[in-house]
Each structure stands twice: as C-alpha cells, then as structure tokens.
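So the structure is just underneath, and the comments pick up after that.
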Amino acid sequence: SEYSQWAFNMAISMIKPKTDHLYLITVAEHVQVPVVANPFSGGVLPVSTAAYLQPHREAQEKRCKLILKKYHDQAQKLGLNTHLLMGWGTHVGESICSAVDEKKINHVVLGRRSIGAIKRFFVGSTTKYVLEHGNCNIFVAKQQFGPVEVHESNIEEIKRQEEEERLRRIQEEEKLKLAEQVDRKITLEEVKRKEEEERARRIREEHLDEDRKVAVQVFDWQ
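All letters in the sequence shown, in the order written, are residues 77 to 298 by the working numbering.
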C-alpha cells in the first residue's frame with residue numbers, strides 16, 4: 077500500500093548503508109474458522125476447518141511474500157543489508173513488538189493505515205499498540221514521504237492475487253451456505269425423528285395407562 081511505501085521511504089532515509097541493517101516485516105493474520113449453530117447443545121460447530129483454512133493461508137502467504145519481495149528488491153538496488161521477516165498471528169502489533177525484542181531492533185517505522193472509527197474501536201490500532209509497547213524508537217509515516225516507486229509487474233501480480241482471493245472467498249461462502257443448508261436439513265430431520273420418538277413414547281404410555289385402568293376395574297369387580 078502507499079502507507080507501506082511511505083514507511084519504507086522514511087526508513088531508508090534514516091539508515092546508514094554500511095553499518096545498519098534493514099528488517100522488512102509483514103504479518104499475516106490468522107483466518108477465523110466459520111461456525112454454524114448447534115441447535116441441540118446451544119453451542120457452535122466448526123465447518124470444514126482444514127478445507128477452509130488451507131487455501132486462505134496459502135493465499136495470504138503468497139501475498140505477504142510478494143510484498144516482501146517488492147521492498148527487498150528496492151532495498152537491494154540501494155545496497156542495503158536487508159532481512160525479511162514474515163509472521164503469523166492474531167495481533168499484528170504484538171508480532172512486531174516480539175520481532176523488535178528478538179532481533180534487537182533500534183528503530184521501527186510504520187505506515188499508518190486509514191481505517192474506520194468502528195473497526196479501530198473493536199480491533200484497535202496496530203500503530204498505537206507498537207507506540208505503547210515497542211521497546212525502541214517508533215516513527216510513523218502519516219503522509220507521503222519521498223518518491224513513490226512503482227513496479228508495474230508487482231502491482232499486477234498483487235491485483236491478480238487479490239482477485240484470486242476474492243474469487244476463493246466467494247467459492248468458500250457458497251460452500252458454507254451449502255453446508256448450512258445441509259446442516260439445517262439434517263437438523264430438521266433429527267428434530268422430526270425426536271418428535272416422532274416422543275409421540276410414540278406418549279402413545280405407549282397412554283396404552284399402558286389404559287391397560288392399568290382395565291386391570292383395576294376387573295380386580296374391583298371380582
């Protein structure tokens with residue numbers, strides 16, 4: 077994104093090529109497993125966990141590697157000592173702070189994403205988290221910094237990956253809808269079966285009650 081490019085431009089403006097090392101970090105967030113309601117237990121059941129997660133994980137990994145390659149190529153042209161880091165996690169800020177501690181990083185440059193107020197309220201801000209918890213100097217590129225280098229081949233590849241991911245999600249949503257329909261059908265059949273069992277039980281109990289009444293009447297008459 078343009079925010080990443082601004083952060084990269086700011087970072088290379090601060091670095092000393094002969095002595096400093098540049099760490100390029102990207103974090104792929106874990107995919108949430110879709111669930112359907114379980115009407116009998118009141119809980120939820122995961123839907124095709126492995127089949128759902130694997131294609132999404134592969135798509136995210138390919139996209140992250142492509143982004144890293146884009147900025148690695150730019151850094152290599154400048155003769156910088158570059159290291160690539162890719163992580164997985166549910167909290168991007170925590171992953172960045174962990175990398176800072178593990179690699180003894182002295183400065184972090186972030187590109188501030190523009191997200192809505194509601195999403196920021198629920199998921200929080202990665203920038204804010206790193207500013208508060210990162211054990212190093214933090215810089216934030218909030219507006220354009222330096223020239224924007226564009227690599228058309230990479231942009232087209234990213235667009236292609238995003239389109240593949242969009243189509244994959246559509247397919248997964250269709251599979252999920254089909255699974256929900258099957259689950260509803262199975263659930264309805266199970267409910268009908270239990271209702272039929274309950275009805276048969278009540279009929280048996282009514283017959284037993286009638287038999288007891290007849291037995292009592294015969295005994296009284298005798």
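Quick reminder that beta carbons are idealized off the backbone N, C-alpha and C, glycines included.
Length of the line joining the Cα atoms of residue i and residue j
i: glycine 169; j: glutamate 248; result: 29 Å
i: methionine 90; j: valine 103; result: 23 Å
i: valine 176; j: leucine 264; result: 53 Å
i: leucine 160; j: glutamate 256; result: 41 Å
i: lysine 94; j: aspartate 149; result: 18 Å
i: serine 201; j: isoleucine 172; result: 13 Å
i: phenylalanine 215; j: glutamine 136; result: 26 Å
i: leucine 121; j: lysine 179; result: At leucine 121 the pLDDT is 49, less than 50, meaning the model places this residue with poor confidence; the figure from the coordinates comes in the next sentence. Going by the C-alpha atoms only, they are around 40 Å apart.
i: phenylalanine 198; j: glutamate 208; result: With a pLDDT of 40 at phenylalanine 198, under the threshold of 50, the modelled position of this residue cannot be trusted; read the value that follows with caution. One C-alpha to the other measures close to 18 Å.
i: glycine 165; j: lysine 268; result: 43 Å
Buried or exposed (CB count within 10 angstroms, at least 16 for buried), residue i
i: isoleucine 279; result: exposed
i: glutamine 152; result: exposed
i: leucine 254; result: exposed
i: glycine 210; result: buried
i: threonine 203; result: buried
i: alanine 83; result: buried
i: alanine 87; result: buried
i: glutamine 81; result: buried
i: isoleucine 101; result: buried
i: glycine 155; result: exposed
i: leucine 186; result: buried
i: isoleucine 246; result: exposed
i: glutamate 281; result: exposed
i: alanine 276; result: exposed
Host beta strand (DSSP E) of residue i (start-end)
i: leucine 100; result: 97-105
Same chain, Cβ closer than 6 Å to residue i, neighbours up to 5 away in sequence not counted
i: glycine 222; result: Asn85
i: tyrosine 205; result: Gly169
i: glycine 163; result: Val103, Ser171
Contacting residues, own chain, Cβ-Cβ under 7 Å from residue i (five flanking each side not counted)
i: histidine 97; result: Asn157, His159
i: leucine 144; result: Leu100, Thr102, Leu160, Met162
i: lysine 138; result: Gln237
i: glutamine 220; result: Trp82
i: cysteine 140; result: Thr102, Ala104, Met162
Element boundaries [alpha helix (DSSP H), containing residue i]
i: isoleucine 91; result: Looking at the DSSP string, isoleucine 91 is not in any alpha helix (DSSP H), and its letter there is neither H nor E.
i: histidine 209; result: 202-209
Three-state class that DSSP yields for residue i in the structure shown
i: histidine 183; result: strand
i: threonine 263; result: helix
i: phenylalanine 215; result: strand
i: leucine 121; result: Here the model assigns leucine 121 a pLDDT of 49, short of 50, so the residue's position is not dependable and the matter cannot be decided.
i: tryptophan 164; result: strand
i: glutamine 150; result: helix
Other residues of its chain near residue i: CB distance less than 8 Å, five sequence neighbours each side excluded
i: leucine 142; result: Asn230, Glu233, Ile234, Gln237
Check: residue i C-beta below 7 Å from any heavy atom of the ligand FAD
i: tryptophan 82; result: In the structure shown, the ligand FAD is absent, as is every other ligand, since no ligand is present at all.
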